[in-house]
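Counted the way the working numbering counts, the sequence shown spans residues 39 to 399. Below: one structure, written as structure tokens.
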Amino acid sequence: MKKRRIIVYTLSQRGIDRIKNHMDELQEQYLVTVYAFDKKGVKKSTETFPIQYFQDLKEAIRQEFQQGNLLFFILSTGIVIRSIQGLLLGKQQDPALVVMDEKGNHVISLLSGHLGGANEETQKLAEIFGANPVITTASDVYDSMAVDTFALSHGLHIKDLQAAKRVTALILDGNPVAIVNEAGISINQRMLPDHVRVIEEDKEREVESENRPYGTMVITTENKEADNPQTVILVAKDIIVGAGCRRGVASEDFLRALKEELHKQRIDPDAVSTIASIDRKEDETCILEAAKELKAATCFYTKEQLQTVEDRFSSSMFVKNKVGVGAVAETSACLASQDGEAITKRVRYPDITLSIWRRKR
């Protein structure tokens, strides 16, 4: 399992000593980077681990704030709060922030408890340092479920965070909430409170009035809007895009073609999990930029790998003579989806070929 990077900040030698005493345990769980304060900017680490010294805490935080790492502060909560002013972007962008006092008594989940994973990391760090974990999110305090926790654990994208808050409030108040599983994903039933139930068809929401849900969580890959304020759309990242293109296609042209095809198929762009192609496209800017825009992964296959499924698709001799396989988009999508469901077998745009598949579950 890939280790998460943890960025540790401290203002004192006491903080450095506490890190040193637990460095082996930290490195078992994380990739560790340590920042420490140096008023004059001349210190060099004498520890067995590297230390990056800073004179301005806010600037040191800013450098790491939007890198997707866990930020762990061994200093007072008040200093951290003042230091992150102006850095917060929103619940879906902000990193996990965890704070521990210098004596190692309490580890506090400060920011992005659910989506950033700060609550889970607080538990882990409290165990490492022998401290008391402090978690204040309502769903954890009441041992209930929050929409963002559910979405994170099932790999779902929340379309509207305000709607997620409203539905979470309904769950916390004990009101019945239905999960409409249009995408057919596998749901961890153990994390659901008794008043949250899963139904597979929207029509089944028409039940007895006393059992009718107050709120709804709709799991889908479709591009749709909520039909009322008590409904939150959760997008399943189940869509694989196979792509072939002429070398040097403009990024805006590729992204425009991809979004147009997704729109035609009523697929939400947030449902795209992977863009796949042949390995000679690993440095193709338009594919890399599209993946970045859609927050999707990339996956590239050798011609030999693509040839294992090539005979299942119509082939272009021109493409085959050029790259060694005659159906790049379809074969790469087939492999990346683990032989899932073909939504569009092969669609051509100027200098671009796309094939859209649904991942096999």
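The beta carbon of each residue, even a glycine, is placed where N, CA and C say it ideally should be.
*Minimum length 3: unbroken beta strand (DSSP E) runs contained in the segment 151 to 231*: Listed in chain order, the complete beta strand (DSSP E) runs (minimum 3 residues) inside the segment 151 to 231 are 170 to 172, 194 to 196, 215 to 219.
*Looking only at its own chain, which residues have a Cβ that is under 8 Å from the Cβ of glutamine 130, when we skip the five neighbours before and after it?*
For glutamine 130, where only same-chain residues beyond five positions count, the Cβ hits under 8 Å are Leu153, Ile196, Leu199.
*Please classify valine 347: does DSSP put it in a helix, a strand, or coil?*
The answer is coil: DSSP assigns valine 347 none of H, G, I, E or B.
*Straight-line CA distance for threonine 71 to glutamate 331?*
Roughly 28 Å between the two C-alpha positions.
*Please determine, among Val46, Phe351, Ile223, Arg397, the residue with the shortest C-alpha to C-alpha distance to glutamate 159.*
Of all alpha-carbon atoms in Val46, Phe351, Ile223, Arg397, the one lying nearest the alpha-carbon of glutamate 159 is that of Val46.
*Given a threshold of 16 other Cβ atoms within 10 Å of its Cβ, counted over all protein chains shown, does glutamate 244 qualify as buried or as exposed?*
Reliability fails at glutamate 244, whose pLDDT of 49 lies under 50, so the model's placement of it is uncertain and no value is given.
*asked:* Suppose the cutoff is 7 Å on Cβ atoms and the five residues either side in sequence are ignored; what does the same chain contact list for arginine 318 look like?
replied: Here the set comprises Val361.
*asked:* If the criterion is Cβ atoms closer than 8 Å, does the pair leucine 109 and proline 133 meet it?
replied: Yes. Within cutoff.
_Quick check on DSSP: helix, strand or coil for glutamine 101?_
Here glutamine 101 sits in helix by DSSP.
_Straight-line gap, threonine 346 to alanine 329 (C-alpha atoms, nearest Å)_ = Cα-Cα distance, rounded: 25 Å.
_Beta-carbon within less than 7 Å of arginine 52's beta-carbon, same chain only, minus the 5 sequence neighbours each way: which residues are those?_
Closer than 7 Å at the Cβ level, and outside the excluded window around arginine 52, lie Glu140.
*Would you kindly work out how many angstroms separate the C-alpha atoms of glutamate 348 and tyrosine 91, rounded to a whole number?*
Rounded to the nearest angstrom, the two C-alpha atoms are 55 Å apart.
*Rounded straight-line distance, which links the Cα of arginine 56 to that of isoleucine 217*: About 45 Å.
*asked:* Given a cut-off of 8 Å on the beta-carbon distance, is the pair alanine 221 and threonine 206 in contact?
replied: Contact: no.
*Report the residue from Lys162, Ile257, Pro214, Asp321 whose alpha carbon sits nearest the alpha carbon of valine 136.*
Of Lys162, Ile257, Pro214, Asp321, the residue nearest in Cα terms is Lys162.
*What's the C-alpha gap between threonine 480 and methionine 229?*
With the chain represented from 39 up to 399, any question about residue 480 goes unanswered, as that position is not in the structure.
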